[in-house]
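Okay, structure first, notes after.
Numbering (this note's numbering), first residue to last: 355 to 475.
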């Protein structure tokens, strides 16, 4: 996955529950990944999942999602698969587009029929 690496990091003080800290410590011992890196990865995974959920519920645009996480649109399908979250247009948006296309097709057919009739006359 492509991530824009920010040159700006914000130092934030967090109180981490002992249970999570212990999990990160054990994870670090088993995998060799630094405890703070593990916690950051877990934080990022949680942010990806929860922000993607907001996109799927129509509360957040896909554009804002990729901007906030520093990823590209090409990364979104991988994340939707990773977290098993579907995104797409709402039922209302689909109906609106269906209606608009139906109107456009109807207008084209009318014009075509009229043109054909004029040629017959």
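C-beta: ideal position from N, C-alpha, C; glycine also. Model, not experiment: these values are computed from the prediction.
Check this for me: beta carbons of residue 372 and residue 393, under 9 Å apart or not? On the chain shown, position 18 is the one that residue 372 refers to. On the chain shown, position 39 is the one that residue 393 refers to. Not in contact: residue 372 and residue 393 (Cβ atoms no closer than 9 Å).
Cα-Cα separation between residue 398 and residue 444, rounded to whole angstroms: For the purposes of this step, residue 398 is taken as residue 44 along the chain shown, with counting starting at 1. For the purposes of this step, residue 444 is taken as residue 90 along the chain shown, with counting starting at 1. Looking at the two C-alpha atoms, the distance is approximately 27 Å.
Closer than 8 Å is the cut-off here; do at least three beta carbon pairs connect the segment 431 to 439 with the segment 398 to 409? yes
Tell me whether the beta-carbon of residue 441 lies closer than 9 Å to the beta-carbon of residue 459. Locating residue 441 in the chain shown gives position 87, where the first residue counts as 1. Locating residue 459 in the chain shown gives position 105, where the first residue counts as 1. Result no, Cβ atoms of residue 441 and residue 459 do not sit closer than 9 Å.
Three-state secondary structure assigned by DSSP to residue 414: In the chain shown, residue 414 corresponds to position 60, counting from 1. Note: residue 414 maps to coil in three-state DSSP.
What does a CB cutoff of less than 7 Å around residue 311 pick up in its chain, not counting 5 residues either side in sequence? Absent from the model: residue 311. The displayed extent of the chain is 355 to 475, so no value can be given.
Taking only three categories from DSSP, how would you classify residue 368? Locating residue 368 in the chain shown gives position 14, counting from the first residue. Coil, per DSSP.
Going by DSSP in three states, residue 429 sits in which element: helix, strand or coil? Within the chain shown, the letter at position 75 stands for residue 429. Three-state result, residue 429: helix.
Figure out for me which residue from 402, 413 and 411 has the closest Cα to the Cα of residue 420. The residue you call residue 420 lines up with position 66 of the chain shown. The candidate whose alpha carbon is nearest that of residue 420 is 402.
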